[in-house]
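Single-structure report; data block below.
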Amino acid sequence: MIPYNHILLATDGSSEHEAIGEHAKRLAQSFDARLSVLRILDHLAFDFSTEPMLPDDIDKIEWFTKSAQDSLNLFAEHIGIDAVQTHVRVTPGTAQREIISFAKEHNVDLILVGAHERHGLALFREDTMDKLAHNAPCDVLVVHVETRII
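In this note's numbering, the protein residues as written are 1426 to 1575.
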């Protein structure tokens, strides 16, 4: 088996990411590998009408980025990894492009992503995990995430 030195957990910040985070942490421990956590924010997808009212003089993208970083830092603390290893990127591009770029820049040798069940119109959109599997510069591990529809 190939040893992994740097594992990247790419997360969307959903409620399932804690289970994936625990999986990533155990995997990193078993390989004695560094674990980084990355969240990509699509700067075009922010729906300011449903978010908290912010003063006009605040840069909203900066605020959302800081909020996402704070959330990742809490997540890192919760699963017991160093918050220095958390990263947020805001991009007009695709999530998979940013994940691949990060992996190349930081010599990642395993990318870990969660598989979400898709329903309705989501079945027709391109899937980040499929694109990663075909274009990543390293191994990609897809972790099944149970979702419940109520």
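Glycine included, each C-beta is placed from N, C-alpha and C at the ideal position.
In the DSSP assignment, find the alpha helix (DSSP H) that holds residue i and state where it starts and stops.
i: T1436; result: Careful: T1436 lies outside any alpha helix (DSSP H), inside the beta strand (DSSP E) at H1431 to T1436.
i: S1455; result: H1442 to F1456
Given this structure, state the Cα-to-Cα distance separating residue i from residue j, to the nearest angstrom.
i: R1514; j: R1464; result: 6 angstroms
i: N1532; j: S1492; result: 27 angstroms
i: I1427; j: Q1494; result: 32 angstroms
i: G1539; j: L1566; result: 8 angstroms
i: V1570; j: E1523; result: 22 angstroms
i: K1529; j: P1562; result: 7 angstroms
i: H1559; j: S1439; result: 24 angstroms
i: Q1521; j: A1444; result: 21 angstroms
i: E1487; j: S1496; result: 14 angstroms
i: D1507; j: D1457; result: 14 angstroms
i: L1557; j: P1517; result: 18 angstroms
i: D1564; j: S1526; result: 14 angstroms
Determine whether the Cβ of residue i lies closer than 8 angstroms to any Cβ atom of chain D.
i: H1531; result: Looking for chain D here will not work: only one protein chain is present.
May I ask you to report which of helix, strand or coil DSSP gives residue i?
i: H1531; result: coil
i: A1561; result: coil
i: D1555; result: helix
i: S1439; result: coil
i: I1536; result: strand
i: I1465; result: strand
Could you tell me the boundaries of the beta strand (DSSP E) in which residue i lies?
i: V1565; result: D1564 to H1569
Within the same chain, show all residues whose beta-carbon is closer than 8 angstroms to that of residue i, passing over the 5 residues directly before and after it, in chain order.
i: R1459; result: N1430, H1431, I1432, A1453 and Q1510
i: E1447; result: I1504
Tell me which residues share the same chain as residue i and place their Cβ nearer than 6 angstroms to its Cβ, disregarding the 5 neighbours each side in the sequence.
i: L1434; result: A1449, V1462 and L1537
i: H1512; result: L1463
i: E1441; result: G1539 and V1570
Who are the Cβ neighbours of residue i in its own chain at under 7 angstroms, not counting the five residues just before and after it?
i: D1555; result: none
i: T1490; result: L1466, V1513 and V1515
Please specify which runs of the alpha helix (DSSP H), each continuous and at least 4 residues long, are wholly inside the segment 1483-1533, giving them in chain order.
1485-1504 and 1520-1530
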